[in-house]
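Asker: Encoded as structure tokens, here's the structure I'll be asking about.
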Amino acid sequence: MEKVLLKGNEIIGEAAIRSGCKLFFGYPITPSTEVIEYLSANLPSQGGTVLQAEDEIGAINMCYGAACTGNRVLTASSSPGISLKQEGISYAAAVELPMVLVNVNRCGPGLGGLGPAQSDYFQSTKGGGHGDYRLIVLAPSKAQELYDYTMEAFDLADRYRNPVMVHTDGFLGQTMEPVVLKDRPEAPEVDQSWVVNGCKGREKRILASYSLTNEVGEENNLHWEKKYKEIEEKEQRWESFHTEDAEYLLVSFGTTGRICKSTVLNARKKGIKLGLIRPITLWPFPVKGIRPLVDQLKGIVTVELNTGQMIEDVKLAAECKVPIHLYRRQGGMLPTEDEILAYLEDIFQPDGSGEVHE
Amino acid sequence: MMDKVIMAGFGGQGIMFLGKVLAYAGMTTDLELCWIPSYGPEMRGGTANCSVILSDEEIHSPVVDHADAAIVMNQPAYERFKSKVKPGGVLVVNSSLANVGDQRTDIIIIEIPASAIANKLGNANIANMVCLGALLPSMKLVNWETVEKSMEKLTIKRPQFLQGNLDAIKEGMEFAK
């Protein structure tokens, strides 16, 4: 299989093309601009369309319209742009439209900065728009995962008729790493009996989220809730790294998730039994990855690029049975593997009695 | 085994390109690698820096805090990055534009008048390649052969630049001998 060297944002574009996505609507914003740039150069020749809308609100509503016809559709933006899209995302969740949204996080709040951040964790996982909906949120930590998870995002969106977000940052977006361009996985047949594509010869279909009858409204909510429960049950994903005998645990996703792997290896060299859970799905949060470890753990540190957002989900997953602390950098700064380990040693004073791995 | 290299200078000195030469050299032998640009509002005349990690095993942390080597092409880059080279590492300084003053004694410093050498070769823009040549013998995972292949790939659309770049690298290697 072909191996290429591309920027992370370009890889997202390539994965979309190879996933059979023919439609992109967006509005450029640093540090996500290479997605629209790459697709503008490469999607039209594959029979697709890239449209730079008048703004983010226009773009998300174009995605809505395109998704109604059963076509695969993508948009990409960065934090302030994603904020503008929230109303449309809520409508898409209500009408159950499959679409893939990419958020190459800026640091915030406000116009923010361009450095790596995870400050949109709450917005992505707790419903950034109004109403009570969920997005499936995938968090890649390197270029190959940007490719793999983007492809998977389209399949998950189709399978559950739900918007799926790929949650990344400018560091991953701008860094080049080799990526194997795997073929699109064999996706199961999806039900398209709901699409609106012209009703000649069949009953009319209406895709709308408006309900003024409370009884009907509750029925709708119960229907969505059932789907979200099913996703929570079936789609929690995480990577376990040296957790089998771990006494201390790091929980971290995305860019910091991979930095933490180096922290774990350095700790093991000192005889500290440290492990890592790297959430792959931010929603549904991988409770199943953390809960079975709780009894063996003496302490947990979440490593985040925000003031402490995911730590709330980690506390729920661990049912507050273990002391849980936060190590964070903000404003576009990244931690080094050494400073994470220094923090853990300072907080928990681990005894380093484990086997020393060189 | 890993080579972690930081490159820094003015925007326009070809810092990102220098990184790409190393990255594509790594691609020719199927190494794991990261090419990490400084990104944001920088432009020509501002500062530019880029780090490259080459490795024969999976790269976890992409943050380069203790570099095996660095190439600094002007004074601000020297001041900012001299402390990032780990003890025993190599620091290549473009001495045409940077004065090293009080030197660290725990690293190997190669002072090379790269801009002057590039001018002598007839192209001021290839000082970056002269610096690369000076560093190349100290690198573990790339060498002249892989860099040559990398350069062929990178100049495929403008083959007239291939030989000049290769000559500059050779000149740098010669100097560092």
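In the order they appear, the protein sequences are chains U and R. Going by our numbering, 6 is the number at position 23 of the first sequence; the sequence numbering is gapless. Take any residue in the second sequence, count from 1 to its spot, add 1149: that is its number in our numbering. Ideal Cβ positions, reconstructed from N, Cα and C, are used throughout, including at glycine.
When the Cα of U/R167 is compared with those of U/V339, U/L(-11), U/A(-1), U/K(-14), which residue comes out closest?
Answerer: Taking the first residue of the first sequence as 1, we reach residue 167 of chain U at position 184. In this structure, U/A(-1) is the residue among U/V339, U/L(-11), U/A(-1), U/K(-14) with its C-alpha nearest to the C-alpha of U/R167.
Asker: Using a Cβ-Cβ cut-off of 8 Å (strictly less than) and excluding sequence neighbours within five positions of U/T264, which residues of its own chain qualify?
Answerer: Taking the first residue of the first sequence as 1, we reach residue 264 of chain U at position 281. Within the same chain, U/T264 has close Cβ partners I119, V120, L121, A122, E218, Q219, R220, W221.
Asker: I'd like the list of long-range same chain contacts for U/P161, defined as Cβ closer than 6 Å, with 5 residues on each side in sequence excluded.
Answerer: Here residue 161 of chain U corresponds to residue number 178 of the first sequence, with the count starting at 1. These residues qualify, in order along the chain: K(-14), L(-12).
Asker: Starting from U/N249, trace the alpha helix (DSSP H) in both directions and tell me its first and last residue.
Answerer: The residue labelled residue 249 of chain U in the question sits at position 266 within the first sequence. Looking at the DSSP string, the run of the alpha helix (DSSP H) that includes U/N249 is 237 to 252.
Asker: What does the Cβ neighbour count give for U/T196, buried or exposed, with the cut at 16 atoms within 10 Å?
Answerer: Counted from its first residue, the first sequence places residue 196 of chain U at position 213. So U/T196 ends up on the exposed side.
Asker: What does DSSP give as the partner residue(s) for R/D1152 in the beta ladder?
Answerer: Position 3 of the second sequence, counted from the start, is the residue given in the question as residue 1152 of chain R. The partner list for R/D1152 (beta bridge, DSSP) reads R/L1203.
Asker: Let me make sure I understand the geometry here. Which of U/G314, U/I330, U/G337 has the alpha-carbon closest to that of U/Q101?
Answerer: As a position in the first sequence, residue 101 of chain U is number 118, starting the count at 1. The shortest Cα separation from U/Q101 among U/G314, U/I330, U/G337 belongs to U/G314.
Asker: Confirm, please, whether the CB-CB distance from R/S1287 to R/P1262 is below 7 Å.
Answerer: Counted from its first residue, the second sequence places residue 1262 of chain R at position 113. Counted from its first residue, the second sequence places residue 1287 of chain R at position 138. Cβ atoms of R/P1262 and R/S1287: not closer than 7 Å.
Asker: Taking Cβ-Cβ distances shorter than 8 Å, what residues in chain U pair up with R/A1172?
Answerer: In the second sequence, counting from the first residue as 1, residue 1172 of chain R sits at position 23. Simply L(-12), M159.
Asker: Quick one: what does DSSP say U/Q35 is sitting in, helix, strand or coil?
Answerer: Here residue 35 of chain U refers to the residue found at position 52 when the first sequence is read from its first residue. In this structure, U/Q35 counts as strand in the three-state DSSP scheme.
Asker: I think R/V1154 touches R/D1217, with their Cβ atoms under 8 Å apart; what is that distance to the nearest whole Å?
Answerer: Position 5 of the second sequence, counted from the first residue, corresponds to residue 1154 of chain R. Position 68 of the second sequence, counted from the first residue, corresponds to residue 1217 of chain R. Contact flag correct, Cβ pair sits at about 7 Å.
Asker: Over the uninterrupted alpha helix (DSSP H) stretch that includes U/H206, give me the two end residues.
Answerer: The residue given as residue 206 of chain U occupies position 223 in the first sequence. Unbroken alpha helix (DSSP H) run through U/H206: 197 to 217.
Asker: Quick one: what does DSSP say R/E1260 is sitting in, helix, strand or coil?
Answerer: Sequence index remark: in the second sequence, residue 1260 of chain R carries index 111 (1-based). Three-state DSSP puts R/E1260 in a strand.
Asker: Please classify U/A77 as buried or exposed, where buried requires at least 16 neighbouring CB atoms within 10 angstroms.
Answerer: Counting from 1 along the first sequence, the entry for residue 77 of chain U is found at position 94. Buried, since its Cβ has 16 or more Cβ neighbours within 10 Å.
Asker: Using the beta-carbon of each residue, which ones in chain U are nearer than 8 Å to R/S1244?
Answerer: Working through the second sequence from its first residue, we reach residue 1244 of chain R at position 95. For R/S1244, none of the residues of chain U pass the 8 Å Cβ criterion, the least Cβ distance being about 30 Å.
Asker: Let me confirm a value: U/G184 is counted as buried when at least 16 other C-beta atoms fall within 10 Å, else exposed. Which label applies?
Answerer: On the first sequence, residue 184 of chain U is found 201 positions in, with the first residue counted as 1. Per the 10 Å Cβ criterion, exposed.
Asker: Closer than 7 Å, Cβ to Cβ, to anything on chain U: give me those residues from the region 1205 to 1231 of chain R, in chain order.
Answerer: H1209, S1210, P1211, V1212, D1214
Asker: Quick one: grab the DSSP three-state call for U/D334.
Answerer: Locating residue 334 of chain U in the first sequence gives position 351, where the first residue counts as 1. It is coil, neither helix nor strand.
Asker: Could you check the C-alpha separation between R/E1297 and R/L1303 for me, to the nearest Å?
Answerer: Here residue 1297 of chain R refers to the residue found at position 148 of the second sequence. Here residue 1303 of chain R refers to the residue found at position 154 of the second sequence. Approximately 10 Å, taken between the alpha carbons.
Asker: Would you call the CB atoms of R/L1246 and R/S1264 closer than 7 Å?
Answerer: For the purposes of this step, residue 1246 of chain R is taken as the residue at position 97 of the second sequence. For the purposes of this step, residue 1264 of chain R is taken as the residue at position 115 of the second sequence. Yes, these two residues count as a Cβ contact at 7 Å.
Asker: Just checking: is the beta-carbon of U/E208 within a distance shorter than 7 Å of some beta-carbon in chain R?
Answerer: On the first sequence, residue 208 of chain U is found 225 positions in, with the first residue counted as 1. False, the Cβ-Cβ gap to chain R never drops below 7 Å.
Asker: Taking the alpha carbon of R/N1223 as the reference point, which residue from R/L1285, R/T1254, R/N1198, R/D1205 has its own alpha carbon closest?
Answerer: Walking along the second sequence from the start, residue 1223 of chain R turns up at place 74. It is R/N1198.
Asker: Mind checking who U/D152 pairs with in its DSSP beta bridge?
Answerer: The sequence position of residue 152 of chain U within the first sequence is 169, counting from 1. Beta-bridge pairing links U/D152 to U/N88.
Asker: Are the beta-carbon atoms of R/A1283 and R/I1259 separated by less than 7 Å?
Answerer: Stepping through the second sequence from its first residue, residue 1283 of chain R is reached at position 134. Stepping through the second sequence from its first residue, residue 1259 of chain R is reached at position 110. Their beta carbons are under 7 Å apart, which means R/A1283 touches R/I1259 by this criterion.
Asker: With a threshold of 7 Å between beta carbons, is U/L317 in contact with chain R?
Answerer: On the first sequence, residue 317 of chain U is found 334 positions in, with the first residue counted as 1. Yes, its Cβ sits closer than 7 Å to a Cβ of chain R.
Asker: Please list the segments of the alpha helix (DSSP H) lying wholly inside the region 1250 to 1298 of chain R, counting only runs of 4 or more residues, in order along the chain.
Answerer: 1263 to 1269, 1276 to 1284
Asker: Pairs of beta-carbons, one from the region 228 to 245 of chain U and one from the region 254 to 263 of chain U, closer than 8 Å: are there three or more?
Answerer: yes
Asker: Is the CB-CB distance between U/P146 and U/I72 below 7 Å?
Answerer: Counted from its first residue, the first sequence places residue 146 of chain U at position 163. Counted from its first residue, the first sequence places residue 72 of chain U at position 89. Taking 7 Å as the Cβ cut-off, U/P146 and U/I72 qualify as a contacting pair.
Asker: Could you check the C-alpha separation between R/F1324 and R/K1269 for me, to the nearest Å?
Answerer: To locate residue 1324 of chain R, count along the second sequence from 1; it is residue 175. To locate residue 1269 of chain R, count along the second sequence from 1; it is residue 120. For R/F1324 and R/K1269, the distance between alpha carbons rounds to 14 Å.
Asker: Between the region 235 to 251 of chain U and the region 298 to 305 of chain U, do three or more beta carbon pairs fall short of 8 Å?
Answerer: no
Asker: I need the DSSP call for R/I1318, collapsed to helix, strand or coil.
Answerer: The count along the second sequence starts at 1 and reaches residue 1318 of chain R at position 169. Here R/I1318 sits in helix by DSSP.
Asker: Residues of chain R with CB closer than 9 Å to the CB of U/D321, please, in chain order.
Answerer: As a position in the first sequence, residue 321 of chain U is number 338, starting the count at 1. By Cβ distance, chain R contributes D1214, H1215.
Asker: Taking the DSSP output, what are the residues bridged to U/S223?
Answerer: Sequence index remark: in the first sequence, residue 223 of chain U carries index 240 (1-based). DSSP, once it has assigned bridges, lists U/I260 as partnering U/S223.
Asker: So the beta strand (DSSP E) R/P1186 belongs to, where does it begin and stop?
Answerer: To locate residue 1186 of chain R, count along the second sequence from 1; it is residue 37. Note, R/P1186: beta strand (DSSP E), 1181 to 1186.
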